[in-house]
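The opening residue of the sequence shown carries number 39 in the working numbering; numbering runs sequentially from there.
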Amino acid sequence: ALAHALDEPEDVTAPARRAAAVHGSLARAAHHAVLAAGALSLPPQAGRHLYADLGPLRAGLAARGVTDSLELENLLTERLGAPAAGGHRFGDELGALRVRFGTRMFLGTSGEERTEALGAEDPRELPRVARALADFGAALEELR
39 ALAHALDEPE DVTAPARRAA AVHGSLARAA HHAVLAAGAL SLPPQAGRHL
89 YADLGPLRAG LAARGVTDSL ELENLLTERL GAPAAGGHRF GDELGALRVR
139 FGTRMFLGTS GEERTEALGA EDPRELPRVA RALADFGAAL EELR
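Below, the structure is given as C-alpha cells:
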C-alpha cells in the first residue's frame with residue numbers, strides 16, 4: 039500500500055487535489071467574512087487555515103473583556119465550537135488580536151458529513167456548510 043501511494047497514482051492524488059480545492063474554497067469564503075466584519079486578513083494562498091488580524095475590532099472585543107490573543111482564542115473557540123488558535127501560539131505578541139481559523143469546522147461534525155462536503159461540486163451549497171459559514175460571519179460581526 040505504501041509503495042502504491044508513493045507512486046502517486048490517480049486514485050491517491052485525485053482525492054487530495056479535491057480536498058485541497060474544497061478547503062481553498064472554504065478559506066476564501068471565510069476570508070470574505072473576516073473582511074466583511076471589518077477585520078484584516080491576507081487572501082488565503084494554500085492550506086486549511088486562515089490567519090486574521092482582529093485588531094480593527096479591538097473596541098468591540100474590549101467591551102466583551104477580550105484584550106489579548108489568549109482571551110480571543112477562548113472567546114472564539116467557545117462561540118464557534120471549533121478551535122481558533124490565538125496568534126500568541128505562532129510568535130505574535132500576546133496583545134496582538136490575531137487568530138488562526140481552520141476550515142474543517144465548515145465541513146461538518148461527523149465523518150459522513152465531511153466526506154459528503156469533500157465530494158460535493160460546491161460544498162458551500164450544502165445547507166449545513168452554508169449555515170456554518172453564515173454562523174462564522176455572524177460570530178465575527180458580533181465582535182464589532
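The beta-carbon is built from N, C-alpha and C at its ideal position, and this holds for glycine as well.
Inset, instruction - To the nearest angstrom, report how far apart Glu131 and Ala172 are at their CA atoms. - result: Each residue's alpha carbon lies about 30 Å from the other.
Legend entry - Between the CA atoms of Glu116 and Pro82 - distance to the nearest angstrom: Pro82 and Glu116: Cα-Cα distance of roughly 24 Å.
Inset, instruction - Run through the segment 132-165 for me and flag every whole alpha helix (DSSP H) of 4 or more residues, listed as ranges in chain order. - result: The alpha helix (DSSP H) runs of length 4 or more contained entirely in the segment 132-165 are, from start to end of the chain, 149-157.
Inset, instruction - Look up Gly129 in the DSSP assignment and say whether it is helix, strand or coil. - result: Here DSSP, grouped into helix, strand and coil, assigns Gly129 to coil.
Inset, instruction - Measure the CB-CB distance between Ala77 and Pro94 and report whether it falls below 7 Å. - result: The answer is yes: Cβ separation under 7 Å.
Inset, instruction - Look up Asp106 in the DSSP assignment and say whether it is helix, strand or coil. - result: Collapsing the DSSP output to three states places Asp106 in coil.
Inset, instruction - Work out the CA separation of Phe144 and Leu135 for me, nearest whole Å. - result: Looking at the two C-alpha atoms, the distance is approximately 22 Å.
Inset, instruction - With DSSP as the reference, label Asp91 as helix, strand or coil. - result: Under the three-state reduction of DSSP, Asp91 is assigned to strand.
Inset, instruction - Check each candidate in Glu150, Thr147, Ser107 and name the one with the smallest Cα separation from Gly133. - result: When the alpha-carbon of Gly133 is set against those of Glu150, Thr147, Ser107, the nearest one is in Ser107.
Legend entry - Buried or exposed (CB count within 10 angstroms, at least 16 for buried), Ala68: With 16 or more other Cβ atoms inside 10 Å of its own Cβ, Ala68 counts as buried.
Inset, instruction - Mind checking who Gly124 pairs with in its DSSP beta bridge? - result: Answer is Val137, bridged to Gly124.
Inset, instruction - Determine the burial state of Pro53: buried for a count of at least 16 other Cβ atoms within 10 Å of its Cβ, exposed for fewer. - result: Looking at its Cβ environment, which holds fewer than 16 other Cβ atoms inside 10 Å, Pro53 is exposed.
Inset, instruction - Tell me where the alpha helix (DSSP H) around Ala84 begins and ends. - result: Annotation: Ala84 is outside any alpha helix (DSSP H) and is labelled neither H nor E by DSSP.
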